[in-house]
Amino acid sequence: MTLELKAEGSARWVPLHQNLPRLGLIEALVQGRRENDLLLPEGEAGVEEADDLDDGDDAAYGSAFGKWFQRFKSEYGVRKDVVFHSFRHSVTTLLCNAGVQQEFVEELIGHESQARRSEMKRYNKGQTLMMLKDVIDRLVLPIDIERMVDAARAGEPRQAFRPSR
138 MTLELKAEGS
148 ARWVPLHQNL
158 PRLGLIEALV
168 QGRRENDLLL
178 PEGEAGVEEA
188 DDLDDGDDAA
198 YGSAFGKWFQ
208 RFKSEYGVRK
218 DVVFHSFRHS
228 VTTLLCNAGV
238 QQEFVEELIG
248 HESQARRSEM
258 KRYNKGQTLM
268 MLKDVIDRLV
278 LPIDIERMVD
288 AARAGEPRQA
298 FRPSR
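Encoded structure:
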């Protein structure tokens, strides 16, 4: 399978936040998959719908994931004004507020500023995965992770999204 990437920065290693493995999400996603399979192969279904999209095949994976996210929001009662890219905005803001340097934030989220397109990029080939891991672990999310872990272990993920009493 050949995957067309949207931009040069699209292909990158992204470290996992220290809390993600605790939720069992990663194991659930990779269980039974081959090494070269997409992490979210559900996006492949969207490629068939690419003819309906203005951006072509590269937008199809995002389109399918966007539809999945809409169903997720409905099922778990996530506010209607939250869109998938809200997470990118929130992570960027939280990391910047934690004092993380702009080039680290940009590398994690896959965007690049004029500064990163400068001559420096020719010489600096990016941060190491361990450096990026240290950065992502600085992210403090405004959620009760213990409640989410308990709900995941109990097989009741919806409980993680219900308001605390």
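For the sequence shown, the numbering used here begins at 138 and goes up steadily by one.
C-beta atoms are modelled at their ideal positions from N, C-alpha and C, and glycine is treated no differently.
Keep in mind the model is a prediction, meaning the values are calculated, not measured.
Straight-line CA distance for residue 213 to residue 151? 26 Å
Mind reading off the beta-carbon distance from residue 160 to residue 176? Whole number of angstroms is fine, and I expect it under 8 Å. Going by Cβ atoms, the distance from residue 160 to residue 176 rounds to 15 Å, so no, they are not a contact pair.
With 16 other CB atoms within 10 Å as the buried threshold, where does residue 164 fall? Burial is judged here by how many other beta carbons sit within 10 angstroms of a residue's own beta carbon; residue 164 has fewer than 16 and is exposed.
I'd like the span of the alpha helix (DSSP H) that includes residue 222, first residue to last. 221-234
Between which two residues does the alpha helix (DSSP H) holding residue 284 run? Unbroken alpha helix (DSSP H) run through residue 284: 282-290.
Can you name the start and end residues of the alpha helix (DSSP H) that residue 269 belongs to? 266-273
In terms of residue numbering, what span does the alpha helix (DSSP H) encompassing residue 239 cover? Per DSSP, residue 239 belongs to the alpha helix (DSSP H) from 239-246.
Integer Cβ distance of residue 245 from residue 275, believed to fall under 8 Å: In fact, because the Cβ distance is near 11 Å, the residues do not count as touching under 8 Å.
With burial defined as no fewer than 16 other Cβ atoms inside 10 Å of the residue's Cβ, what is the status of residue 277: buried or exposed? exposed
I need the boundaries of the alpha helix (DSSP H) containing residue 164, first residue and last residue. 162-167
Per-residue burial, residue 241 [other beta carbons within 10 Å of its own, 16 or more giving buried]: Residue 241 should be labelled buried.
Contact set for residue 211: own chain, Cβ-Cβ below 8 Å, skip 5 residues either direction: Excluding residues within five positions, none has a Cβ falling inside 8 Å.
If residue 273 sits next to residue 156, beta carbons under 8 Å apart, how far is it from one beta carbon to the other, in whole angstroms? At roughly 10 Å, the Cβ-Cβ gap does not stay under 8 Å, so residue 273 and residue 156 are not in contact.
Are there 16 or more other CB atoms within 10 angstroms of the CB of residue 267, so buried, or fewer, so exposed? By the neighbour-count criterion, in which a residue is buried when 16 or more other Cβ atoms sit within 10 angstroms of its Cβ, residue 267 is exposed.
Indicate whether residue 247 and residue 221 have their beta-carbon atoms separated by less than 8 Å. no
Compute the Euclidean distance between the alpha carbons of residue 215 and residue 238, then round it to the nearest angstrom. 31 Å
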